[in-house]
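Report on the structure given below.
There are 2 protein chains.
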Amino acid sequence: MEIAKTIQSVRSLVKAARSKSKKIGLVPTMGALHIGHISLIEAAVKQCDFVVVSIFVNPTQFGPGEDFEKYPRPLDADLKICRKTGVDVVFVPTQEQMYPAENLTWVNVEKLTELLCGQSRPIHFRGVTTVCAKLFNIVAPDVAFFGRKDAQQAIVVRRMAADLNMPLEIVICPTVREPNGLAVSSRNKYLTEEQKKDATLIYKSLQKCREMIDDGTTDSETIIAEMRKILSQAPSIEIEYISIVDAETLHNLDKIAGKALAAVAVQIGPARLIDNILMDASKK
Amino acid sequence: MEIAKTIQSVRSLVKAARSKSKKIGLVPTMGALHIGHISLIEAAVKQCDFVVVSIFVNPTQFGPGEDFEKYPRPLDADLKICRKTGVDVVFVPTQEQMYPAENLTWVNVEKLTELLCGQSRPIHFRGVTTVCAKLFNIVAPDVAFFGRKDAQQAIVVRRMAADLNMPLEIVICPTVREPNGLAVSSRNKYLTEEQKKDATLIYKSLQKCREMIDDGTTDSETIIAEMRKILSQAPSIEIEYISIVDAETLHNLDKIAGKALAAVAVQIGPARLIDNILMDASKK
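Those protein sequence lines, which keep their order, are chains A and B. Sequential numbering from 1 applies to the first sequence in this note's numbering. Sequential numbering from 285 applies to the second sequence in this note's numbering.
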């Protein structure tokens, strides 16, 4: 496994692989790799011949007062995981490599980024799409892998790639969960054991949503009220939003029909956690 | 010469050329090709092994009330020029090819686009950078060629490519002028003979600027007053701006030093015309 610290070095490693007609896969991460990331890497190893994992805690996607400084950076453990999972190159650029001058250029996806998490994190997705555009231009992958846990991010990145004719495929992999249902996230590390237990209510509320839809409920308000009840069982949980939206436009659905995304964002102690499930109400 | 009408077809033509290790050049145009464009194509043919000219009147860079509808579209004449100059592929996409769905994704370069022409054309550069990002992703050129006549555009596109790590070189070619000094532009076609004569005052004012700087004047205000006098000789000329700016940041220079750009925008009858000269005040 190679560790590339510069744009030039990752480019030359990818170029050599491409010259052998290898299919290039990219898993963009902020490090602090967990079983969710591992599932993305495994998908990349399976679907591609040459896998690049980028590790970069991207400052432009953190708002003021968010957790950029304290975001975990366990590089040695991350590299060990990459080695074990069959990664070919880990790209670990410095901030100076990625943002050598004042960044004036932003890639922004309108509308989709103004809803759900975009309401409390107004600059977040602009930072994500900009750094993804940069990484795609640096690595030039044939396929890039994202997790369904960050559903809005995946939808936004896929839309960016389509709108800008980026010559790559975006693959969205299933959310990986703890045995108790909690979606795996680097930010779970911020939680105490008690808070982790409370956090399992997030997925419980989403399961309730699925059950109610399966049982024929189509009224979002009724379902959201039930989900709110479940989340309210833990006083540590501060609800940011509970939304049932069209899985493509992210617009709120009053009546559930077709592909719907149920999405939840909460604050538990120091951690802002999100989770979601995708449902097809037309298939019952 | 091949004429590609779809993204897929231009991609497969470029792919075949690339597989033969050919260096790919792109000249992005809106058609209505004139000797300015021809000079860009000639530079591309000289520097590259495989030259793509794109012809697309991009709607997203025209503001409301601008000349999108009446912009000239002499396709047969354009293709003839491309054939004569040794172009390999002309990419002529439809609007549906370039914008199949509502475009939600914008590439925007801040600050540089808010000055000079950006003040009267607030969405113009966002449209330019977005369509250039799309064209670069579609064609994947090694080099793209732009004209110095649109100095701000060239500076903005170059900054976009650098900020987003686009894997290509941006080459900026000299402004081509009529024997009387008028910068060649597709929009000159909108002018009567009388107005064309008046339009020669634009370059005369820029020459005056260069002379004064060569003679030791460093005060922008003094120079701009002289330039205004020249432009005011023709009552048909409505001045939009006369600016002397830093050639990199585009900020107004009170005292001229280093690389400076003198830029003029005027309205003459139905045509909005721009021109500029680049000067290095440190080399005298």
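Even glycine gets a Cβ: it sits at the ideal position worked out from N, Cα and C.
Candidates Asn-137/A, Val-143/A, Gln-152/A and Val-139/A: closest to Arg-126/A by CA position: Within the first sequence, numbered from 1, the residue matching residue 126/A stands at position 126. It is Gln-152/A.
Candidates Glu-193/A, Phe-68/A and Ala-133/A, of which the one nearest Asn-180/A by Cα: Walking along the first sequence from the start, residue 180/A turns up at place 180. Selected option, being the one with the closest Cα: Glu-193/A.
Reference Ile-187/A, options Ala-16/A, Val-51/A, Gly-31/A and Val-52/A, closest by Cα: On the first sequence, position 187 is the one that residue 187/A refers to. Checking the sequence, you will find Arg at residue 187/A rather than Ile. Comparing Cα-Cα distances from Arg-187/A to each of Ala-16/A, Val-51/A, Gly-31/A and Val-52/A, the minimum goes to Gly-31/A.
Cβ neighbours of Phe-346/B in the same chain (closer than 6 angstroms, five flanking residues each side left out): Counted from its first residue, the second sequence places residue 346/B at position 62. Counting only Cβ-Cβ distances below 6 angstroms, and skipping sequence neighbours, we find Phe-352.
Short Cβ contact (8 angstroms threshold) for Val-52/A with Val-14/A: Position 52 of the first sequence, counted from the first residue, corresponds to residue 52/A. Position 14 of the first sequence, counted from the first residue, corresponds to residue 14/A. Yes, these two residues count as a Cβ contact at 8 angstroms.
Enclosing alpha helix (DSSP H) for Asp-198/A [first to last residue]: In the first sequence, the residue the question calls residue 198/A occupies position 198. Residues 193-214.
C-beta contact flag for Asn-276/A and Trp-390/B at 8 angstroms: In the first sequence, the residue the question calls residue 276/A occupies position 276. In the second sequence, the residue the question calls residue 390/B occupies position 106. The answer is no: Cβ separation not under 8 angstroms.
Neighbourhood of Ala-285/A by C-beta distance below 7 angstroms, restricted to the same chain and skipping five residues each side: Nothing can be reported for residue 285/A: it is not among the residues displayed for chain A, which extend from 1 to 284.
Short Cβ contact (8 angstroms threshold) for Val-184/A with Ile-35/A: Here residue 184/A refers to the residue found at position 184 of the first sequence. Here residue 35/A refers to the residue found at position 35 of the first sequence. Closer than 8 angstroms, so yes.
CB contact check: Asp-163/A to chain B, cutoff 8 angstroms: On the first sequence, position 163 is the one that residue 163/A refers to. Judged by the 8 angstroms Cβ criterion, Asp-163/A is in contact with chain B.
Cutoff 8 angstroms: Lys-229/A Cβ touching any chain D Cβ: In the displayed structure, chain D is absent; the protein chains listed are A and B.
Uninterrupted alpha helix (DSSP H) stretches inside the segment 389-424 of chain B (no shorter than 4 residues): 401-404 and 408-423
Among Arg-367/B, Ser-303/B, Ile-308/B and Ala-288/B, the one whose alpha carbon lies nearest that of Leu-317/B: Taking the second sequence and counting its residues from 1, the one referred to as residue 317/B is at position 33. Ranking the options by Cα distance to Leu-317/B, first place goes to Arg-367/B.
Integer-rounded CB distance, given that Glu-524/B should sit under 8 angstroms from Ser-404/B: Within the second sequence, numbered from 1, the residue matching residue 404/B stands at position 120. Within the second sequence, numbered from 1, the residue matching residue 524/B stands at position 240. That pair is a contact at about 6 angstroms.
Leu-448/B versus Asp-538/B - alpha carbon distance: Taking the first residue of the second sequence as 1, we reach residue 448/B at position 164. Taking the first residue of the second sequence as 1, we reach residue 538/B at position 254. Straight-line Cα distance between these residues: approximately 32 angstroms.
C-alpha distance - Asp-88/A paired with Ile-155/A, whole-angstrom precision: Here residue 88/A corresponds to residue number 88 of the first sequence, with the count starting at 1. Here residue 155/A corresponds to residue number 155 of the first sequence, with the count starting at 1. So the alpha carbons of these two residues sit roughly 27 angstroms apart.
Bridge partners - Tyr-525/B, DSSP secondary structure assignment: In the second sequence, residue 525/B corresponds to position 241, counting from 1. DSSP, once it has assigned bridges, lists Ala-549/B as partnering Tyr-525/B.
Through-space distance from Pro-554/B to Asp-499/B, alpha-carbon basis: Residue 499/B sits at position 215 when you count from the first residue of the second sequence. Residue 554/B sits at position 270 when you count from the first residue of the second sequence. Near 36 angstroms, if we compare the C-alpha coordinates of Pro-554/B and Asp-499/B.
Chain B contact residues for Leu-112/A, given Cβ-Cβ distances below 9 angstroms: Taking the first residue of the first sequence as position 1, residue 112/A is located at position 112. Ordered by position in chain B, the residues that pass the 9 angstroms Cβ test against Leu-112/A are Leu-388.
Leu-115/A versus Ala-140/A: straight-line alpha-carbon distance, rounded: Numbered from 1 along the first sequence, position 115 holds the residue referred to as residue 115/A. Numbered from 1 along the first sequence, position 140 holds the residue referred to as residue 140/A. Looking at the two C-alpha atoms, the distance is approximately 30 angstroms.
Closest by C-alpha distance to Ile-339/B, when choosing among Gln-331/B, Gly-349/B and Leu-310/B: Indexing the second sequence from 1 puts residue 339/B at position 55. The residue with the shortest Cα to Cα distance from Ile-339/B is Leu-310/B.
Chain A within 8 angstroms of Ala-417/B, Cβ atoms only: Translated into positions along the second sequence, residue 417/B becomes position 133. Cβ-Cβ to chain A under 8 angstroms: yes for Ala-417/B.
Residues bridged to Cys-457/B [DSSP beta-bridge criterion]: Position 173 of the second sequence, counted from the first residue, corresponds to residue 457/B. Paired residue(s): Gly-431/B.
Cβ of Arg-158/A within 8 angstroms of any chain B Cβ: As a working mapping, residue 158/A is identified with position 158 in the first sequence. Chain B contact via Cβ: absent.
Residue range of the unbroken alpha helix (DSSP H) whose run includes Met-511/B: In the second sequence, the residue the question calls residue 511/B occupies position 227. 504-515 is the span of the alpha helix (DSSP H), which, as asked, contains Met-511/B.
Endpoints, the alpha helix (DSSP H) within which Met-382/B is located: Indexing the second sequence from 1 puts residue 382/B at position 98. Start and end: 379-382.
Environment of Asp-360/B [buried if 16+ CB atoms lie within 10 Å]: The sequence position of residue 360/B within the second sequence is 76, counting from 1. By the neighbour-count rule (16 or more Cβ atoms within 10 Å), Asp-360/B is not buried but exposed.
Beta-carbon proximity of Ala-327/B to Phe-430/B, cut-off 8 angstroms: Numbered from its first residue, the second sequence carries residue 327/B at position 43. Numbered from its first residue, the second sequence carries residue 430/B at position 146. Contact: no.
Near the ligand HEM: Arg-494/B beta-carbon under 7 angstroms from a heavy atom: In terms of ligand content, the structure shown is empty, and the ligand HEM therefore cannot be addressed.
Where Met-450/B meets chain A, residues with beta-carbon distance less than 8 angstroms: Indexing the second sequence from 1 puts residue 450/B at position 166. Per Cβ cutoff of 8 angstroms: Asn-137.
Coil, strand or helix - Asp-76/A by DSSP: Within the first sequence, numbered from 1, the residue matching residue 76/A stands at position 76. Asp-76/A: helix per DSSP, three-state reduction.
Element boundaries [beta strand (DSSP E), containing Ala-555/B]: Residue mapping note: residue 555/B aligns to position 271 of the second sequence, counting from 1. From DSSP, the beta strand (DSSP E) with Ala-555/B extends over 555-564.
Continuous alpha helix (DSSP H) assignments of at least 4 residues falling wholly in the segment 295-372 of chain B: 319-331 and 359-369
Contact list for the segment 4-28 of chain A against chain B, Cβ threshold 8 angstroms: Ile-7 and Arg-11
Supposed close pair Ile-287/B, Ile-322/B - CB separation, criterion 8 angstroms: On the second sequence, position 3 is the one that residue 287/B refers to. On the second sequence, position 38 is the one that residue 322/B refers to. The pair is not a contact, with the Cβ atoms about 18 angstroms apart (cut-off 8 angstroms).
Contact with chain A by Val-329/B, beta-carbon distance below 8 angstroms: Translated into positions along the second sequence, residue 329/B becomes position 45. No, its Cβ sits nowhere closer than 8 angstroms to a Cβ of chain A.
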